[in-house]
Every structure is written in C-alpha cells, then in structure tokens.
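Protein chains: 2
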Amino acid sequence: ELRDALAGSFGDGALAGLRVLVSAGPTYEDIDPVRFIGNRSSGRMGFAVAEAAASAGAQVTLVAGPVSLPSPAGIARRLDVRSAAQMREAVLGAAASADIYIGAAAVGDYRPAQVASRKLKKRDGAPLVLDLAENPDILKDLAAASPHAFLVGFAAETHDVAAYAQDKLARKGLDMIAANRVGEGLGFEADDNALSLYWPGGGEELPRASKRALAARLIARVAERYRMARS
Amino acid sequence: ELRDALAGSFGDGALAGLRVLVSAGPTYEDIDPVRFIGNRSSGRMGFAVAEAAASAGAQVTLVAGPVSLPSPAGIARRLDVRSAAQMREAVLGAAASADIYIGAAAVGDYRPAQVASRKLKKRDGAPLVLDLAENPDILKDLAAASPHAFLVGFAAETHDVAAYAQDKLARKGLDMIAANRVGEGLGFEADDNALSLYWPGGGEELPRASKRALAARLIARVAERYRMARS
Numbered sequence: 005e006l007r008d009a010l011a012g013s014f015g016d017g018a019l020a021g022l023r024v025l026v027s028a029g030p031t032y033e034d035i036d037p038v039r040f041i042g043n044r045s046s047g048r049m050g051f052a053v054a055e056a057a058a059s060a061g062a063q064v065t066l067v068a069g070p071v072s073l074p075s076p077a078g079i080a081r082r083l084d085v086r087s088a089a090q091m092r093e094a095v096l097g098a099a100a101s102a103d104i105y106i107g108a109a110a111v112g113d114y115r116p117a118q119v120a121s122r123k124l125k126k127r128d129g130a131p132l133v134l135d136l137a138e139n140p141d142i143l144k145d146l147a148a149a150s151p152h153a154f155l156v157g158f159a160a161e162t163h164d165v166a167a168y169a170q171d172k173l174a175r176k177g178l179d180m181i182a183a184n185r186v187g188e189g190l191g192f193e194a195d196d197n198a199l200s201l202y203w204p205g206g207g208e209e210l211p212r213a214s215k216r217a218l219a220a221r222l223i224a225r226v227a228e229r230y231r232m233a234r235s
Numbered sequence: 005e006l007r008d009a010l011a012g013s014f015g016d017g018a019l020a021g022l023r024v025l026v027s028a029g030p031t032y033e034d035i036d037p038v039r040f041i042g043n044r045s046s047g048r049m050g051f052a053v054a055e056a057a058a059s060a061g062a063q064v065t066l067v068a069g070p071v072s073l074p075s076p077a078g079i080a081r082r083l084d085v086r087s088a089a090q091m092r093e094a095v096l097g098a099a100a101s102a103d104i105y106i107g108a109a110a111v112g113d114y115r116p117a118q119v120a121s122r123k124l125k126k127r128d129g130a131p132l133v134l135d136l137a138e139n140p141d142i143l144k145d146l147a148a149a150s151p152h153a154f155l156v157g158f159a160a161e162t163h164d165v166a167a168y169a170q171d172k173l174a175r176k177g178l179d180m181i182a183a184n185r186v187g188e189g190l191g192f193e194a195d196d197n198a199l200s201l202y203w204p205g206g207g208e209e210l211p212r213a214s215k216r217a218l219a220a221r222l223i224a225r226v227a228e229r230y231r232m233a234r235s
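Those protein sequences? They're chains D and P, same order as listed.
With positions in the first sequence counted from 1, the corresponding number in our numbering is that position plus 4.
With positions in the second sequence counted from 1, the corresponding number in our numbering is that position plus 4.
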C-alpha cells in the first residue's frame, strides 16, 4: 500500500495499461455567426490533468473545447470541439473504451434556443431578450453509457463550493469530484488553483499550487481510488 | 503626389509625427462570474493595423479587448480592456490627443441587462431568457468628443457588406470604413482577410491577403486620405 501510494505520487506507471478520457476547456455556444456565449475556463487545469495521466502511464484521449493550448506531452489523441453538443458527441464516442473519465471541461449549462444564420443587427430601442435552452448533461449520459467507468467530475463555484460539490458527487453517482472556488486569482484564467477532492466516504484538500502540481496529486489519488474500487 | 503615394505604400514615415489610436479585438460582456457573451474577433487585424501605423512613424496607442496576442512592435502604449464600457472609457480617455482613430475592435452591440455576482445555477425545466441591453456607440461618442480626429471604422458582416458599410460611413460621419465579409476562411479567427475600403466619394478593393499585408495597404491609404483632408 505504501509502495502503491509512492508509485502514484511519483507518477511512474500508476495508470499503466488504463485508458483515460479527459475533457478540458470551455464550450462556446453560438448566438449567430459572430457572437457566442462562452465561459472563462482556460483549459489549463484539464490539459495538466491529461499530461499527468499520460505521465502516469495511461493511454489518454483529450477532448478539448475552444482553447489555444498546445497538446500535452504524451497523450494518444486529441479531439477539438466548440459547443456542448459537440463535446458530448466526442466524449460519448470515446467513452466505450475508457476505464476512467475525468470531466475537467467547463461545459456551458445553457445555449441560445435558436442560432441565427446571419449576424443579428442592432434594433433601435427594442427590448432584447435571448432565449436559452438547457444543454445536455454529459456526465449523466456518460454514466448511463459506460456504467463501469470510474467517473471524476469537476465543480467550479463562486460560493458554497463544498456543499455543492458533495451534492453533485452523490446526485450524479461519481467516484470522485474535484471542487474549486473560482475568482481571487484562483481557478479560471489563473496559473494557480486549489482543489478539494471528495469521494464517497472521504476527501482530501489540495492547497494552492500550480495547476501542474495539482494535476499530479489528483492523478495519484485517482489511481489509488481506482485500484481500491476495482480490487 | 507620386512621391507621397510611394512613401505611403512603403510605410517609411507616412504617419510621422501623428498620434494614432487603434482599438482591436473582441469585447466580452459578463453574464455572471464565469459566463460571458463574446464574439469571434481574434484581434489580429487590429494588431496588424497598430503595427503598420507604428512602422509608418506614428505614435500608436492600442486599446485591446480580451486577446492572447503579444504587443505589436513599435507601439507606444497598450491598454487592455474586457467589456465595451471599458473599451469606451479607454478610447475616450486616449482620444483627446489622437489625430487618427482606427476602430478595428469588434465591440459587442449587446450586454446582459444585469450581471449576476454569483454563478447562475441550472433551474430544472424553467424557461430561461437573458435580458440584453444595448452597448454605447463608441465611434459616435468619439466623433462628438474629438470632432477633428480622422475616423476610420470597420464593418464585419456576413451579408450585404458593401451596402451596410457605405450606410455606416455616412451615418456615423466617418472619414473611411474598412469592410469585410466574415466566414469562409476570411475575417474573424482567420489568417487572411480581404477588405473593401470606402470613403466619401471613393473606395478601393484590397483583395485577399495576409492581415499584415492588408494592414500596410490600409495604413498607406489612411495616410494619403489624412493628408488630403488636412491640406
């Protein structure tokens, strides 16, 4: 057990032979050919997780939203998408062969109900509303499609982080959730982050560190929990 | 006149001694701490224009929306902003001392009527609408604040480009407008672009080329038109 923990924390083969699917980045939902609804995810946390998983020996598929980041070292495959619907399709397409899914993408909850094919023009003085529709729940669909995969979710919140994350862990039947508070130089668009990990019956605080260092610690814990769940 | 035209097209000092204010990039309008309405402008056309103006001898101030681009060579000052309101403030603040303003930014026409201080949560099944408000018209406010500046606007359209651009030229009292069709590998998020220039009583087609090459031709024409207007 000590050897396992050390192997995990140093990343030498803790995920060898496993296929890991990671989603990362924001999703952008088009309003018209030029405008969209986006979110502030930079993709850096998810890319760091993909790199840490590859460095732990996993065969990694990375599904990336619209980001301008080079592919992490050692990953097997990268699929670039834009909208939540495209991310869902790419994730579900790759899910059948995944042992572990780590959903680090900040998938937009809403999209415009209609997408205009022409650029919308200013209408002088008229009240303007944008009708929204709810996006599919990728984690939920994935859990149904791949009941045997080890599922890790992320929760990025501005308030009540712990309560929301633990609720999401239970509600979605996840094996682990990584929660962080966004804002104040942490989380989205920042180099550093701090994560609270929760799993059924336990948890771990990962204090402020670079996203790369946090990703290595997260992957070590995922490897350990995966082995426990499967043993 | 031939000498002037050649000097302009080779960029050697055609704008020497002039102060040029350039806006570039998109604007992002926050919905809540994580979500925003954005547009697809990469900022590359405006950054190329700022660089071409500096290389033509101008003292250049660049007001940039949220982009991940290094500052162009030779510019005097760069102000980074996010929203249309912030861009308006930065542009108007720098406008008093500008001889020429080139508005290459894709300023969002709309913003959410309210900005939520907490991340909005999914409300199950409830119909969702986002109320929008119209953003200020920066070019119009600038024309009022700096009646003597030479004003160059941009128009990025998916349809009826020429008609819309010429209408905007007249309606806003611009000295020149650079119009382009977005989509099909041109314009936003693309390396190449093609511009149609219009000024009162004339115009010029700049066929498909790199944004850098187009920016040099645009600046040469701006210098020529500026000298004609001021002579």
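Even glycine gets a Cβ: it sits at the ideal position worked out from N, Cα and C.
Worksheet entry | Same chain only: Cβ atoms within 7 Å of Gly112(P), ignoring 5 sequence neighbours per side | Only residues of its own chain outside the window of five on either side were considered, and among them Thr31, Glu33, Ile41, Asn43, Ala88 and Asn139 have a CB closer than 7 Å to the CB of Gly112(P), listed in chain order.
Discussion item. If you measure between the beta carbons of Asp36(P) and Lys123(P), is that distance less than 8 Å?
Written reply: A contact, by the Cβ cut-off of 8 Å.
Discussion item. Could you check whether the Cβ of Asp195(D) sits closer than 8 Å to any Cβ belonging to chain P?
Written reply: Asp195(D) does not count as touching chain P.
Worksheet item: Do we get a CB-CB distance below 8 Å when we pair Leu146(D) with the residues of chain P?
Response: With a threshold of 8 Å between beta carbons, Leu146(D) makes no contact with chain P.
Worksheet entry | Under 7 Å from the C-beta of His163(D): neighbouring residues of chain P | Close to His163(D), with beta-carbon spacing below 7 Å, are these residues of chain P in chain order: Arg122.
Worksheet entry | Span separating the alpha-carbon of Ala77(D) from that of Leu25(D) | Looking at the two C-alpha atoms, the distance is approximately 15 Å.
Worksheet item: Where DSSP assigns a beta bridge to Glu209(P), which residues make up the other side?
Response: Its beta-bridge partners are Ser200(P).
Worksheet item: For Ile142(P), which residues in chain D fall below 9 Å Cβ to Cβ?
Response: For Ile142(P), there are no neighbours in chain D by C-beta distance under 9 Å, as the nearest C-beta there is about 13 Å away.
Item to complete: Would you list, in sequence order, the uninterrupted beta strand (DSSP E) runs of no fewer than 3 residues that lie entirely inside the segment 118–179 of chain P?
Response: Within the segment 118–179 of chain P, the complete beta strand (DSSP E) segments of 3 residues or longer fall at 132–138 and 154–161, listed in chain order.
Practice prompt. Give the residues of chain D in contact with Asp84(P), contact being defined as C-beta atoms less than 9 Å apart.
Written response: Those do not exist, as Asp84(P) stays about 13 Å from chain D at its closest Cβ, beyond 9 Å.
Discussion item. With a threshold of 8 Å between beta carbons, is Asp135(P) in contact with chain D?
Written reply: So yes, Asp135(P) belongs to the interface.
Discussion item. Three Cβ pairs or more, each shorter than 8 Å: is that satisfied between the segment 190–202 of chain P and the segment 133–153 of chain D?
Written reply: As far as the Cβ criterion goes, the segment 190–202 of chain P does not touch the segment 133–153 of chain D, which means the pair count is below three.
Worksheet item: Would you call Met91(P) buried or exposed, if buried means 16 or more other Cβ atoms sit within 10 Å of its Cβ?
Response: Label assigned to Met91(P): buried.
Worksheet item: Would you say Ile41(D) reaches chain P, if we count a Cβ-Cβ gap shorter than 8 Å as a contact?
Response: True, the Cβ-Cβ gap to chain P drops below 8 Å.
Fill in: Selection from Ser72(D), Asn197(D) and Ser59(D) that minimises the alpha carbon distance to Gly21(D)
Considering only alpha carbons, the answer is Ser59(D).
Worksheet item: Roughly how many whole angstroms lie between the Cα atoms of Arg229(D) and Met180(D)?
Response: Rounded to whole angstroms, Arg229(D) to Met180(D) spans 9 Å at the Cα level.
Worksheet item: What did DSSP end up calling Glu312(P) once you bin it into helix, strand or coil?
Response: The question about residue 312(P) has no answer here: the residues shown for chain P are numbered 5 through 235.
Worksheet item: Does any C-beta atom of chain D lie closer than 8 Å to the C-beta of Arg115(P)?
Response: Taking Cβ atoms only, chain D never reaches closer than 8 Å to Arg115(P), which makes this a no.
Worksheet item: Per DSSP, which one or two residues make a beta bridge with Arg39(P)?
Response: In DSSP, Arg39(P) forms a bridge with Asn43(D).
Discussion item. Using a 10 Å radius around the Cβ and a threshold of 16 neighbouring Cβ atoms, would you call Gly206(P) buried or exposed?
Written reply: Exposed, because fewer than 16 other Cβ atoms sit within 10 Å of the Cβ of Gly206(P).
Item to complete: Using a Cβ-Cβ cut-off of less than 9 Å, give me the residues of the segment 204–215 of chain P that come near chain D, in sequence order.
Response: So nothing in the stretch comes that close.
Worksheet item: Using a threshold of 7 Å, is the CB atom of Asp179(P) nearer than that to any non-hydrogen atom of the ligand COA?
Response: The ligand COA is absent from the structure shown, which contains no ligands of any kind.
Practice prompt. Starting from Ser59(P), follow the beta strand (DSSP E) in both directions and report where the run begins and ends.
Written response: Bounds of any beta strand (DSSP E) do not take in Ser59(P); it lies within the alpha helix (DSSP H) bounded by Arg48 to Ser59.
Worksheet item: How many Å lie between Arg221(D) and Ala57(D) at the Cα?
Response: C-alpha separation (whole angstroms): 10 Å.
Worksheet item: Under 7 Å Cβ-Cβ, which residues of chain P neighbour Val2(D)?
Response: Chain D is shown from 5 up to 235; residue 2(D) falls before or after that span and cannot be answered.
Worksheet entry | Rounded straight-line distance, which links the Cα of Ser121(D) to that of Ser235(D) | Whole-angstrom Cα-Cα distance: 53 Å.
Practice prompt. Over the uninterrupted alpha helix (DSSP H) stretch that includes Ala220(P), give me the two end residues.
Written response: Segment Lys215 to Arg234, the alpha helix (DSSP H) holding Ala220(P).
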